[in-house]
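Asker:
Numbering (my numbering), first residue to last: 1 to 151.
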């Protein structure tokens, strides 16, 4: 069941500095859930996997770096969105060196495993998109530090 609509990109209210768009319908009524819901999204003609996240103002989806790069839209711009449910299990391909580093710290490993798929994906992409090995290592160390500080 596809849902098609236009949405305005906006900054998420609160602590997170994410760019998001809200869906103009009740996710509970359409998809039968109040919690996170995985979707296939087509934004301005570009396909993405995404997650609808609940908030006080309804469900929203994070407009991430890959979307921004493909769609060339910023906060305040309108986007055209087509959503359909994603029932497939999402498997994240994590490089061995990242897995080894995370698993070597029991607290970081536990916290990483608790993270939702989309946050794990963003963190891994942030590490992997670095051109230099020292930058990847620094970003990995920063991730492990962030995971252990939440304890």
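Glycine included, every Cβ here is placed at the ideal spot set by N, Cα and C.
Measuring alpha carbon to alpha carbon, tell me which of 88, 6, 124 ends up nearest residue 95.
Answerer: Per the Cα distances, 124.
Asker: In this structure, does DSSP put residue 145 in helix, strand or coil?
Answerer: helix
Asker: Give the DSSP-derived three-state secondary structure of residue 19 in the structure shown.
Answerer: Correct three-state label for residue 19: strand.
Asker: Count the other CB atoms within 10 Å of the CB of residue 135; is the residue buried (16 or more) or exposed (fewer)?
Answerer: Of the residues assessed, residue 135 falls on the exposed side of the cut-off, its CB having fewer than 16 other CB atoms within 10 angstroms.
Asker: If I measure Cβ to Cβ from residue 76 and keep anything under 6 Å in the same chain, skipping five residues before and after, which residues do I get?
Answerer: none
Asker: Below 7 Å CB to CB, which residues in the same chain sit around residue 140 once its five sequence neighbours on both sides are set aside?
Answerer: 98, 101, 127
Asker: Between the alpha carbons of residue 87 and residue 149, how many angstroms are there, rounded?
Answerer: Cα-Cα distance, rounded: 33 Å.
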